[in-house]
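Student: The structure's right below; bear with me while I get my questions together.
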Amino acid sequence: MAWKPRIATSNQLAIVTAAHAVNIAKYAMFTSFFAAAGKFYRGNLHTHSTQSDGDLDPETVCRRYQAEGYDFIALTDHFVGLFNYPITDTTAYRNEDFTTILAAELHTGTMKNGNLWHILAVGLPSDFTPPIAPNFKPAKGAETAADIAQRARDAGAFVTIAHPHWSGMTEADARSITAAHAVEIYNHSCVIGNDRGESFMTLEYLLNEGRRLNLIAADDAHFKNSDHFGGWVMVKATENTPMALLNALKAGQYYSSLGPEIRDIRVFERAVEVDCSSVVTIIIQGQVSATATLHGEAMITGRLSLDRLANSPWLRISIIDRAGKRAWSNPIWIRD
Ligand SMILES: [Zn+2]
Ligand SMILES: [Zn+2]
2 MAWKPRIATS
12 NQLAIVTAAH
22 AVNIAKYAMF
32 TSFFAAAGKF
42 YRGNLHTHST
52 QSDGDLDPET
62 VCRRYQAEGY
72 DFIALTDHFV
82 GLFNYPITDT
92 TAYRNEDFTT
102 ILAAELHTGT
112 MKNGNLWHIL
122 AVGLPSDFTP
132 PIAPNFKPAK
142 GAETAADIAQ
152 RARDAGAFVT
162 IAHPHWSGMT
172 EADARSITAA
182 HAVEIYNHSC
192 VIGNDRGESF
202 MTLEYLLNEG
212 RRLNLIAADD
222 AHFKNSDHFG
232 GWVMVKATEN
242 TPMALLNALK
252 AGQYYSSLGP
262 EIRDIRVFER
272 AVEVDCSSVV
282 TIIIQGQVSA
292 TATLHGEAMI
302 TGRLSLDRLA
312 NSPWLRISII
322 DRAGKRAWSN
332 PIWIRD
């Protein structure tokens, strides 16, 4: 059967030799969302309001994010008895240019260090059954975090392991959440509040075990200080609706950013090309310690050799702008 490119994001993709066709067709599947129909919508997937321990009421939180240029947010109030197990109803604050996804931060079960779990569930039904979680202390006989994560996923949610570094999470703790779609690798509130907001190692331990997890950057905003508008996701979807955004999130059709834009990623057998907003560094990471790194001034495109990453099953791309702001692709799996 004649090979046809699944997508043709560049002329080079269309003229590859047949010997490389199978691999490249496989690579192309992972990057196709950049070229797919629709547009990128900016959203924050981790936010609190007065329905739990945030300082602003839900409507004000929505209006602040919209005024800042966001297209959507998920209010993830703490799903504990102390706050009457809120899945905050934000539907009244949707409008032509802004939408919301019903969500919560789930708490049940303990990690190895004895602390209570924090799991983000974005896209929950409003009648999601609470666990036994009267407050922020672990409760006897409560459901495990792995079980509630699976329940949330089964109910339609995009499930993320929240702030692993701040939580003091072990590799084994993280491994136990088998229903997770993603790891929160950047939590702005933790970054500015305790310098424990970055969790790339937790993600990469799991990637290196073959777990196909994605990553998110988020605020965890409570509006008690400058904990908002720091990290977000850019989701490629055909429309700015909760369902289209959720489907795209679950499919990994997004990237995470503190500022810069990733505009296209093209994966070839021996190189990766990245188009982006103006940056000074483009990096490709993989399972091995070596990286491919390109330094320059005001780069909006770059081609990086994969020679030093030849055996890595996954790749991910980081870009850094002149101000030190970063953006991150999701992992791209190039080998089974
Ligand atoms: Zn939390
Ligand atoms: Zn939170």
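Residue numbers (the numbering used here): 2 to 337. C-beta atoms are modelled at their ideal positions from N, C-alpha and C, and glycine is treated no differently. Please read all numbers here as calculations on a predicted model, not as lab measurements.
Is histidine 47 near ligand 2, in the sense that its beta carbon is under 7 Å from a heavy atom of that ligand?
Tutor: For this step, residue 47 is matched to residue 46 along the sequence shown. Under cutoff, so the answer is yes.
Student: In the DSSP assignment, the beta strand (DSSP E) including lysine 326 goes from what residue to what residue?
Tutor: Start at 1 with the first residue of the sequence shown, and residue 326 comes out as number 325. Segment: none, lysine 326 is in no beta strand (DSSP E) and carries neither H nor E.
Student: Compute the minimum distance between the beta carbon of isoleucine 77 and the heavy atoms of ligand 2, and state whether it is under 7 Å.
Tutor: Position 76 of the sequence shown, counted from the start, is the residue given in the question as residue 77. Going by the sequence as given, residue 77 is threonine instead of isoleucine. Yes - ligand 2 has a heavy atom lying nearer than 7 Å to the Cβ of threonine 77.
Student: According to DSSP, is phenylalanine 129 helix, strand or coil?
Tutor: For the purposes of this step, residue 129 is taken as the residue at position 128 of the sequence shown. Reduced to three states, the DSSP call for phenylalanine 129 is coil.
Student: My output table needs one value for methionine 235: the three-state DSSP class, helix, strand or coil.
Tutor: As a working note, residue 235 is residue 234 in the sequence shown. Correct three-state label for methionine 235: strand.
Student: Less than 7 Å between the CB of aspartate 221 and some heavy atom of ligand 1, yes or no?
Tutor: In the sequence shown, the residue the question calls residue 221 occupies position 220. Yes, the Cβ of aspartate 221 comes within 7 Å of a heavy atom of ligand 1.
Student: Which one of Pro314, Arg264, Trp118 and Asn312 has the shortest CA to CA distance from threonine 302?
Tutor: Within the sequence shown, the letter at position 301 stands for residue 302. Selected option, being the one with the closest Cα: Arg264.
Student: Measuring CB atoms only, is the segment 310-326 touching the segment 286-297, in the sense that at least three cross pairs come out at less than 8 Å?
Tutor: Yes, the segment 310-326 is in contact with the segment 286-297.
Student: My understanding is that leucine 125 touches isoleucine 74, with C-beta atoms under 8 Å, so please give their C-beta distance in whole angstroms.
Tutor: Start at 1 with the first residue of the sequence shown, and residue 125 comes out as number 124. Start at 1 with the first residue of the sequence shown, and residue 74 comes out as number 73. With a Cβ gap of about 14 Å, leucine 125 and isoleucine 74 do not count as contacting.
Student: Is leucine 259 helix, strand or coil by DSSP?
Tutor: Position 258 of the sequence shown, counting from 1, holds the residue named residue 259. Here leucine 259 sits in coil by DSSP.
Student: Glycine 63 to lysine 138, Cα distance in whole Å?
Tutor: For this step, residue 63 is matched to residue 62 along the sequence shown. For this step, residue 138 is matched to residue 137 along the sequence shown. Before going further, note that residue 63 is cysteine rather than glycine in the sequence given. Going from the Cα of cysteine 63 to the Cα of lysine 138 covers about 29 Å.
Student: Using the Cα positions of isoleucine 321 and proline 135, report the straight-line distance between them to the nearest angstrom.
Tutor: In the sequence shown, counting from the first residue as 1, residue 321 sits at position 320. In the sequence shown, counting from the first residue as 1, residue 135 sits at position 134. Taking the straight line joining both Cα atoms gives about 42 Å.
Student: Compute the minimum distance between the beta carbon of glutamate 185 and the heavy atoms of ligand 2, and state whether it is under 7 Å.
Tutor: Position 184 of the sequence shown, counted from the start, is the residue given in the question as residue 185. Because no heavy atom of ligand 2 lies under 7 Å away, the Cβ of glutamate 185 does not count as near it: no.
Student: In three-state terms, what does DSSP make of glutamine 52?
Tutor: Residue 52 sits at position 51 when you count from the first residue of the sequence shown. Reduced to three states, the DSSP call for glutamine 52 is coil.
Student: Which residues in the same chain as glycine 39 place their Cβ atom closer than 7 Å to its Cβ, once the five residues preceding and following it in sequence are excluded?
Tutor: Sequence index remark: in the sequence shown, residue 39 carries index 38 (1-based). For glycine 39, where only same-chain residues beyond five positions count, the Cβ hits under 7 Å are Lys237, Ala238 and Thr239.
Student: Taking 7 Å as the cut-off, does the CB of glutamate 210 come closer than this to any heavy atom belonging to ligand 2?
Tutor: Within the sequence shown, residue 210 is the residue found at index 209, counting from 1. No, the beta carbon of glutamate 210 sits no closer than 7 Å to any heavy atom of ligand 2.
Student: Would leucine 83 be called buried (16 or more neighbouring beta carbons within 10 Å of its own) or exposed?
Tutor: Translated into the one-based positions of the sequence shown, residue 83 becomes position 82. So leucine 83 ends up on the exposed side.
Student: Provide the residue span of the alpha helix (DSSP H) that contains leucine 250, from first to last.
Tutor: Here residue 250 is taken as the residue at index 249 of the sequence shown, counted from 1. Start and end: 243-251.
Student: Given a cut-off of 8 Å, decide if isoleucine 162 and alanine 175 are closer than it, judged by their beta-carbon atoms.
Tutor: Position 174 of the sequence shown, counted from the start, is the residue given in the question as residue 175. Position 161 of the sequence shown, counted from the start, is the residue given in the question as residue 162. For alanine 175 and isoleucine 162, yes; Cβs fall inside 8 Å.
Student: Tell me the rounded alpha-carbon separation between isoleucine 102 and threonine 91.
Tutor: Here the question's residue 102 lines up with position 101 in the sequence shown. Here the question's residue 91 lines up with position 90 in the sequence shown. Near 8 Å, if we compare the C-alpha coordinates of threonine 91 and isoleucine 102.
Student: Suppose you measure from the CA of glycine 169 to the CA of asparagine 114; what does that come to, to the nearest Å?
Tutor: On the sequence shown, position 168 is the one that residue 169 refers to. On the sequence shown, position 113 is the one that residue 114 refers to. The straight-line gap from Cα to Cα measures roughly 7 Å.
Student: What does the Cβ neighbour count give for threonine 100, buried or exposed, with the cut at 16 atoms within 10 Å?
Tutor: The sequence position of residue 100 within the sequence shown is 99, counting from 1. Buried, by the Cβ-count rule.
Student: Can you check which of these residues, Leu214, Tyr94 and Ile193, is closest to tyrosine 256 by C-alpha distance?
Tutor: If you number the sequence shown from 1, residue 256 lands on position 255. Comparing Cα positions, the closest option is Leu214.
Student: Can you tell me the Cα-Cα spacing of valine 23 and isoleucine 178, whole angstroms?
Tutor: Position 22 of the sequence shown, counting from 1, holds the residue named residue 23. Position 177 of the sequence shown, counting from 1, holds the residue named residue 178. Reliability of the predicted coordinates at valine 23 is poor, the pLDDT of 46 falling under 50, and no value is obtained from them.
Student: Roughly how many angstroms lie between the CA atoms of glutamate 298 and arginine 304, to the nearest whole one?
Tutor: Position 297 of the sequence shown, counted from the first residue, corresponds to residue 298. Position 303 of the sequence shown, counted from the first residue, corresponds to residue 304. Each residue's alpha carbon lies about 14 Å from the other.
Student: Start and end of the alpha helix (DSSP H) containing tryptophan 315?
Tutor: Translated into the one-based positions of the sequence shown, residue 315 becomes position 314. Element bounds for tryptophan 315: not the alpha helix (DSSP H) but the beta strand (DSSP E), 315-321.
Student: Which term fits valine 289, buried or exposed, when burial requires 16 or more other beta carbons within 10 angstroms of its beta carbon?
Tutor: As a first step, residue 289 is located in the sequence shown; it is residue number 288 there, counting from the start. So valine 289 ends up on the exposed side.
Student: With H, G and I counted as helix, E and B as strand and the rest as coil, what does DSSP make of aspartate 174?
Tutor: Walking along the sequence shown from the start, residue 174 turns up at place 173. It is helical.
Student: Can you look up valine 351 in the DSSP assignment and give me helix, strand or coil?
Tutor: A query on residue 351 cannot be resolved here, the shown segment of the chain reaching from 2 to 337 and no further.
Student: Helix, strand or coil: how does DSSP classify aspartate 265 here?
Tutor: Position 264 of the sequence shown, counted from the first residue, corresponds to residue 265. Strand, per DSSP.
Student: Would the beta-carbon of alanine 163 be found less than 7 Å away from any heavy atom of ligand 1?
Tutor: In the sequence shown, the residue the question calls residue 163 occupies position 162. Correct: alanine 163 has its Cβ closer than 7 Å to ligand 1.
Student: May I ask you to report which of helix, strand or coil DSSP gives valine 17?
Tutor: Position 16 of the sequence shown, counted from the start, is the residue given in the question as residue 17. Any reading at valine 17 must be qualified, since the residue scores a pLDDT of 38, below 50, and its modelled position is unreliable; the value itself is stated next. Coil, per DSSP.
Student: What are the residues that DSSP puts in a beta bridge with serine 306?
Tutor: By 1-based counting over the sequence shown, the position of residue 306 is 305. The partner list for serine 306 (beta bridge, DSSP) reads Ala272.
Student: Looking only at its own chain, which residues have a Cβ that is under 7 Å from the Cβ of serine 330, when we skip the five neighbours before and after it?
Tutor: Position 329 of the sequence shown, counted from the start, is the residue given in the question as residue 330. Answer for serine 330: Tyr256, Ile263, Ile266, Arg317 and Ile318, listed in chain order.
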